[in-house]
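If you're matching them up, the sequences are chains U and W in order. For the first sequence, this note's numbering gives the first residue as 1, with consecutive numbering after it. For the second sequence, this note's numbering gives the first residue as 195, with consecutive numbering after it.
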Amino acid sequence: MTSSDQLVTDYLERLSAALEQSGVPASRRSELVEEISQHIEQSRALLDRDDEVALRGLLDRVGPPEAVAAEASGVSLHRGKRMPRRWQLEAAGALLGLAAIIGLATAVATSPSSPPSFAVAARAPLPIACAAIPPQVLPAGGPPFRRVTIRRDGKKRQVLVPARPRSVHATRQAMVCGGNLILPGRRVSVKIGR
Amino acid sequence: MWRMVPDADRNWLSQVRRGTLEYCVLALLRSGERYGFELVRLLSETDGLVTSEGTVYPLLGRLRDGGLVETSWQESPQGPPRRYYKLTEDGALALDGFQHQWKRFRAAVDTLLDGTGEPEGGSR
């Protein structure tokens, strides 16, 4: 094994250790090590010269193993904060779902003319609660999205909403909290199904 | 002195980069599927977008988990099989939404920075 090969082996060992230390699951860990190993090999094949100096430069571009591990585990090195885990998102969703039920029940009780499937929640705290969700509650990778047709101002239109309505997710066009679709600028909740 | 506090300077850039990189990946996949190394190289060649190439791979995994891209293994003309990434319908919708909002955001910031007037809706 050349000293260059040893550099790559050492890097990949440090990467694997950093991933493990960051709590990245074993299956994802081995996948990432394999992908980055291939990346290094492919980058190495493009080098003008395969000496230690060039290889060190290449590994610098790949980045410190700790930075890759931080990205994989959702920790921002810059802010030192951990991105929310799925259970935290679901817990936030459940809490806001509860607020939704209370809010919609209040709205329906105080607006007898409203059809039950389209409750005008003028007094409901839900949109305010949704507006107060800090951005870091939203997942960094973004949720899957889908189109939902709604009727607004007497016209049909499509909005892009997250695919998992029971979670707390948002797009610029709409927000979903606890199974309710929230449209920005209006205190209107539209009950949507799964 | 025109510079902000250095830490704050790096912070906003880091946040913008973090928030937009995944959509840049989706944008690269709009024209067709690409494999991981190809995506990372293209992103790295875009000035200031990627500081550590290795950090793109976890992001690709998150996009796949989120259903915005799908992957498939394909034989390579040289070396081991490659994992190819392809934009899904959900990914295309997310990208369209981002592109629309990004243009509005960029125009609003440019308006303020250039001092050419108040941004749309700014007189409320």
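Note that the Cβ used here is the ideal one computed from N, Cα and C, for glycine as well.
The criterion of a C-beta distance shorter than 8 Å is not satisfied by Glu20(U) and Arg28(U). When C-beta distances to chain U are compared with 8 Å, the residues of the stretch 240-252 of chain W below that value are Thr245, Ser246, Glu247, Gly248, Thr249, Tyr251 and Pro252, in chain order. In the three-state scheme derived from DSSP, where H, G and I count as helix and E and B as strand, Leu281(W) is classed as strand.
Listed by position along chain U, the residues whose Cβ is nearer than 9 Å to that of Gly255(W) are Arg28, Glu31, Leu32, Glu35, Ala72 and Gly141. Nearest C-alpha to Gly74(U) among Leu289(W), Ser238(W) and Arg256(W): Arg256(W). Contact between Arg56(U) and Leu7(U) holds, with the beta-carbon distance rounding to 7 Å and staying under 8 Å. Contact between the stretch 250-267 of chain W and the stretch 291-311 of chain W is absent: fewer than 3 CB-CB pairs across the two stretches fall below 8 Å.
Of the residues Thr214(W), Gly213(W), Phe231(W) and Gln209(W), the one whose Cα lies closest to the Cα of Tyr279(W) is Phe231(W).
Counted as a single uninterrupted DSSP element, the stretch harbouring Val244(W) is not any alpha helix (DSSP H), since DSSP gives it neither H nor E.
According to the DSSP secondary-structure assignment, Val263(W) is paired through a beta bridge with Leu281(W). Our two residues, Glu34(U) and Lys155(U), have alpha carbons roughly 51 Å apart in a direct line. Between Gly242(W) and Gly63(U), the gap from beta carbon to beta carbon reaches 8 Å or more. Taking 8 Å as the cut-off, the beta carbon of Val250(W) is found no closer than this to the beta carbon of Leu222(W). Within chain U, Gln38 have C-beta atoms less than 8 Å from the C-beta of Pro274(W), given in sequence order.
For Ser22(U), no alpha helix (DSSP H) encloses it, and the DSSP letter there is neither H nor E. In the three-state reduction of the DSSP assignment, Arg49(U) falls in the coil class. Taking 8 Å as the CB threshold, Val263(W) stays off the interface with chain U. Rounded to whole angstroms, the separation of the alpha carbons of Val24(U) and Thr305(W) is 43 Å. For Val234(W), the neighbours in chain U by C-beta distance under 8 Å run, in chain order, His39. Not a single CB atom of chain U sits nearer than 8 Å to the CB of Gly226(W).
Pro275(W) is positioned such that its CB atom lies closer than 8 Å to that of Glu269(W).
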